[in-house]
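Heads up: the structure comes next, in structure tokens.
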Amino acid sequence: MTTEHGPAPLAERLRAQGLRLTPQRQQVLAAVAELDHATPEAIGARLREQAGPGGAAPDTSTVYRTLELLERLGLVWHTHLGKGAPVYHASEHPHLHVVCASCGEISSADPALLEAAAERLAADLGFTLDVGHVALSGTCRRCRESGTPQE
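Every letter in the sequence shown is one number past the one before it in numbering that gives the first Met the number 0, and letter 44, counting from 1, is 43.
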């Protein structure tokens, strides 16, 4: 993988911090990119699935520590989408999250949708909004049209 957040930038950022590029770090970053919005548990499950029976995959604590490191390096972001563990996603482009309270569908939306609110928060409260961590809850079109009630 040689994308913006592939091994080369990861290796450079790790070296700048005096750290090594390990297979586990590469695997976790690749799993985050593949899964898009995933909990640490889902990332660990993907890595175990990829390793296969008898294969070596990072344990859960390694996944958590690696996600924390990747976030400090600016390669991934986490967002709390409601109940449960945060989800992680590549930091390639800032976006806000729209979560359906009925079916759990997660969609990404342009952060420009919140520009007016961000400006108002800054002017009124001196508060700077971090769009990468924003999650809005509501009902998606499909559930609204089918009459599915919110949970």
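Each residue gets a CB set at the ideal place from its N, CA and C atoms; glycine is no exception.
Bridge partners for residue i per DSSP, in chain order?
i	result
residue 88	76
residue 31	Answer is none; residue 31 lacks a bridge partner.
residue 106	97
Run the CB neighbour count on residue i, radius 10 Å, all protein chains shown included, and call it buried at 16 or more, exposed below.
i	result
residue 43	buried
Can you tell me whether DSSP reads residue i as helix, strand or coil?
i	result
residue 120	helix
residue 60	helix
residue 97	strand
residue 3	Reliability fails at residue 3, whose pLDDT of 49 lies under 50, so the model's placement of it is uncertain and the value that follows must be treated cautiously. Looking at residue 3 - three-state DSSP - the assignment turns out to be coil, as it is neither helix nor strand.
residue 54	coil
residue 135	strand
residue 142	helix
Whole angstroms are fine: how far does the CA of residue j sit from the CA of residue i?
i	j	result
residue 14	residue 63	20 Å
residue 97	residue 76	16 Å
residue 151	residue 33	The displayed coordinates of the chain run from 0 to 150. Any statement about residue 151 would go beyond what the structure contains.
residue 120	residue 107	22 Å
residue 133	residue 17	32 Å
residue 35	residue 88	5 Å
Excluding the five sequence neighbours on either side, which residues of its own chain have a C-beta within less than 6 Å of the C-beta of residue i, listed in chain order?
i	result
residue 141	none
residue 59	43
CB-CB under 7 Å to residue i, same chain, minus the five flanking residues each way: which ones, in chain order?
i	result
residue 47	56
Taking 7 Å as the line, does the beta carbon of residue i fall inside it for any heavy atom of the ligand ADP?
i	result
residue 73	No copy of the ligand ADP occurs in the structure displayed, which carries no ligand at all.
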